[in-house]
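Report on the structure given below.
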Amino acid sequence: MKFTSVLLGFAATAFASPIAKRGVFSQSTYNDLSISGGSAGNAQQEALQKLGGLPTDLSTVEKSDLDFLDSVNGIANDAEKDAFNPAIEAASGEDADALQRGKIKNKVLKLTATVLKLEAQQAQGEDVADNMLESDQSWPLWDNDSLDGAFDINDNAVVTKVNRPCLFGYRPTKPNGRGILVIGGGGYVELMVGREGVAVAKWLNSLGFYAFVLVHRFPNSETGPQAPLDDGRRALKIMAESGLAPGGISICGLSSGGHLGAALLAKYPQVWTSPDPKVPQIEFAILGYGPISTNAVGRTIIENKPPLPPQEKQEFYNVVQPDVQLRSPAPPAFIVYSNNDPVVPVVNAYRLAEGFTKNGASVELHVFADAPHGFALDSHKDLPVTKWPSMCEAWLRQHKWIE
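Structure below.
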């Protein structure tokens, strides 16, 4: 069966949804915009062709066109959840592969619309980074002060300095009663709160989870080596007390956020004193390309590897080695890494998986042969790693955490 036949069979209504009024754009339904047929390799080019026509001077883009791009994002998200996902689950063989390619291209279309909108907003003088962090709720971690000036963030939605750690909450349209703490990467010297934080939160929202994005302190001379761990534990406590996740609390961490996420599942180091001795039980963990223990002295795979600055960061890695410190029983884990990651050696994946297994957890481990470090959700290349979010969704569905 050809892909187009499959598409018409399951998504005619969803793809005929009306798009918001627009100035430059002429398409009237999502079906007019769909790029979901064929191969996935040319998805970005096709998306740009479909969404082309904006003025060269982005500061002159009309509000109606910005609304149009926003509508594309929302309806593409609905198409993925309500049309692609159930069809992929029911299909097999070539039909399933075609649907999966269509889903990947749908993601690229959604991302392209988002990027175009943000570029236009930035050209018109809006603070895009601040807009990206707009949340349904927010909490300071250690005091009741205003979050104004809590951290410094650049135009790429990367936090460069944290004055007061905080937590941002993102509510799903159809809550399933569960919450997930989202921790981005940045090597404990910055924090990718956009593409590894809020973007991940929005993906989890589409699955029904209330997502909580953590902006934690970095280990340095002002905060001490244990600051990220204490911030993470306090965030879990706030989540439990918020009443927003009565069905269970879980963790999703990428890069250094993967290390911190795993650390939150480990025994608290005896050399430090925790301000929050007890943490909520964790239902499951999604951990990607984190330096679990290869930065620790004595466990590196690079001979004579120099210490990582600042010294508090190196101390954090030395003391917190989650693969050999996990609490038992450990929760089920979905682990995703790249075999040729130039930043985080893949041995971390195997060490982490072994640690979970030894502590009684079921482990879903995916190591992709070719993928960059920090692949997150938005790798545009025609690589198998782009399928990891769908594989994770299937894993969540298998365990009955989502429908």
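Once you know that position 262 of the sequence shown is 262 in full-length UniProt numbering, the rest is easy, because the numbers rise by one and skip nothing.
Beta carbons are placed, not taken as given, at the ideal position from N, Cα and C, and that holds for glycine.
Please read these numbers as outputs of a predicted model, since none were measured by experiment.
Under 8 Å between C-beta atoms of residue i and residue j
{"i": "residue 406", "j": "Asn339", "result": "Lying outside 1 to 403, the shown extent of the chain, residue 406 is not represented and no answer is given."}
{"i": "Leu66", "j": "Thr112", "result": "no"}
{"i": "Gly184", "j": "Leu254", "result": "yes"}
{"i": "Trp272", "j": "Gln226", "result": "yes"}
{"i": "Val213", "j": "Phe151", "result": "no"}
{"i": "Gly248", "j": "Arg178", "result": "yes"}
{"i": "Val344", "j": "His373", "result": "yes"}
{"i": "Leu204", "j": "Cys166", "result": "no"}
{"i": "Ala153", "j": "Val193", "result": "A small correction: the amino acid at residue 153 is Ile; Ala does not occupy that position in the sequence shown. Yes."}
{"i": "residue 432", "j": "Ala47", "result": "Outside the shown range of the chain, which is 1 to 403, sits residue 432, and nothing can be said about it."}
Segment limits, alpha helix (DSSP H) that includes residue i
{"i": "Pro140", "result": "Per DSSP, Pro140 belongs to no alpha helix (DSSP H); it is in the beta strand (DSSP E), 137-140."}
{"i": "Gly261", "result": "256-263"}
{"i": "Gly247", "result": "Unbroken run through Gly247: none, as it is neither H nor E."}
{"i": "Phe316", "result": "311-319"}
{"i": "Leu396", "result": "388-398"}
{"i": "Lys202", "result": "199-206"}
{"i": "Ala211", "result": "Where Ala211 is concerned, there is no enclosing alpha helix (DSSP H), although the beta strand (DSSP E) it sits in stretches over 210-215."}
{"i": "Asn85", "result": "85-90"}
Range of the contiguous beta strand (DSSP E) that encloses residue i
{"i": "Arg178", "result": "178-183"}
{"i": "Phe334", "result": "333-338"}
{"i": "Ile153", "result": "151-153"}
{"i": "residue 414", "result": "Lying before the first or after the last residue shown, residue 414 is absent from the chain, which here runs from 1 to 403."}
Simplified DSSP state of residue i, which is helix, strand or coil
{"i": "Glu222", "result": "coil"}
{"i": "Phe375", "result": "coil"}
{"i": "Gly360", "result": "coil"}
{"i": "Ile286", "result": "strand"}
{"i": "Leu191", "result": "strand"}
{"i": "Lys21", "result": "Residue confidence for Lys21 is low, a pLDDT of 46 falling below 50, so the modelled location carries little weight and cannot support an answer."}
{"i": "Val385", "result": "helix"}
{"i": "Lys63", "result": "helix"}
{"i": "Leu365", "result": "strand"}
{"i": "Val159", "result": "strand"}
{"i": "Gly186", "result": "coil"}
{"i": "Tyr268", "result": "coil"}
When the options are compared against residue i, the one with the closest alpha-carbon
{"i": "Lys267", "options": "Pro322, Leu260, Lys381", "result": "Pro322"}
{"i": "Tyr289", "options": "Leu308, Gly232, Ile335", "result": "Ile335"}
{"i": "Glu222", "options": "Ala90, Gln311, Leu287, Pro246", "result": "Gln311"}
{"i": "Asp230", "options": "Ala123, Arg217, Ser242, Ala353", "result": "Arg217"}
{"i": "Lys358", "options": "Ser328, Asn348, Gly224, Tyr337", "result": "Ser328"}
{"i": "Ile207", "options": "Pro172, Lys237, Leu141, Pro228", "result": "The residue asked about is misnamed: residue 207 is Leu in this sequence, not Ile. Cα-wise, what sits closest to Leu207 is Pro172."}
Expected contact under 8 Å - CB spacing of residue i and residue j to nearest Å
{"i": "Phe356", "j": "Ala333", "result": "5 Å"}
{"i": "Tyr188", "j": "Ser256", "result": "5 Å"}
{"i": "Gln45", "j": "Ser390", "result": "About 22 Å separates the two Cβ atoms, so there is no contact after all."}
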